[in-house]
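*Asks:* Residue numbers (my numbering): 44 to 271.
Using N, Cα and C, we set each Cβ at its ideal position, and we do this for glycine too.
Computed from a predicted structure; not experimentally measured.
(1) Give a yes or no on contact between the segment 233-241 and the segment 250-266, applying the rule of three or more CB pairs nearer than 8 Å.
(2) Closer than 7 Å, CB to CB, is residue 75 near chain C or not?
(3) Tell me, to the nearest whole angstrom, how far the beta carbon of residue 64 is from that of residue 168; I am working on the premise that it is less than 8 Å.
(4) Tell me whether residue 190 sits in a helix, a strand or coil according to DSSP, three-state version.
(5) From this set, 74, 241, 182, which residue's C-alpha is nearest residue 141's C-alpha?
(6) Could you tell me which residues DSSP pairs with residue 78 in its beta bridges?
(7) Under three-state DSSP, which class holds residue 310?
(8) Does DSSP put residue 69 in a helix, a strand or coil?
(9) Starting from the C-beta of residue 185, find all residues in its chain whose C-beta is less than 8 Å away, skip the five residues before and the five after it, and write them out in chain order.
(10) Would you call the segment 97-104 in contact with the segment 212-223, where contact means no fewer than 3 C-beta pairs closer than 8 Å?
(11) When the Cα atoms are used, what is the spatial distance from residue 45 to residue 166?
(12) Mind listing, in chain order, the continuous alpha helix (DSSP H) runs of no fewer than 4 residues lying wholly within the segment 145-203?
(13) Evaluate the contact criterion for the segment 79-91 versus the segment 224-232: three or more CB pairs, one atom per stretch, below 8 Å.
(14) So if DSSP puts residue 46 in a beta bridge, which residue, or which two residues, is it bridged to?
(15) Decide if residue 136 is buried, meaning its Cβ has at least 16 other Cβ atoms within 10 Å, or exposed.
(16) Of the residues 76, 149, 77, 78, which one's Cα is nearest the Cα of residue 98?
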């Protein structure tokens, strides 16, 4: 059975991290349970010119409909590591040779599968994570599916990765991040390193995405590892 990963996009700058992460998860044979807040859809439009209709969502709106023959060498490597490009796979129970799929959940639909702890997942990533979303999660004042799914992952002791992209940070922001970390979440600010041979923006994006994938236990070859 494919790994199930929840990916939430909220209204903070840096949605390119989320799109690249979705590409990587799909290439690694993970089914991506995607939910996007209204503010997240606005940022997708403003930063990447992606017209996302939350009421009639289609995966093609995220421009992720590239097949196994993608010209992205890094994704081909990830497919190979996951076994999805070979007849025999030690990742999938059934060697279908197919990447994962996107399963969309409207952010207001609190009856979605990911709102229940009985629905098993490999983890959840909120990328980017707005400060308002962070506050709602750590103070238990959730009002939507993103908040609820995050609460589920905390109570079930499953990986919950929060990727804030805010600067400067106020004392309130820092205190909320501390509360999240104490509650078991992994707080991973979108702060790329520069020691892995950066030649462009994609390398900076891949650094952050690679570290997220590492936390989920997903093998990847997005960056040159220190000491390699």
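*Replies:* The structure says:
(1) yes
(2) Protein chains in the displayed structure number just one, and chain C is not present.
(3) 7 Å
(4) Note: residue 190 maps to helix in three-state DSSP.
(5) 74
(6) 51
(7) With the chain covering only 44 through 271, there is no way to say anything about residue 310.
(8) Correct three-state label for residue 69: helix.
(9) 179, 191, 193, 194
(10) no
(11) 13 Å
(12) Within the segment 145-203, the runs of alpha helix (DSSP H) at least 4 residues long that lie entirely inside it are, in chain order, 174-181, 188-198.
(13) no
(14) 73
(15) Bear in mind that a pLDDT of 32 at residue 136, under 50, signals an unreliable position, so the number given afterwards is only what the model happens to contain. Flag for residue 136 reads exposed.
(16) 149
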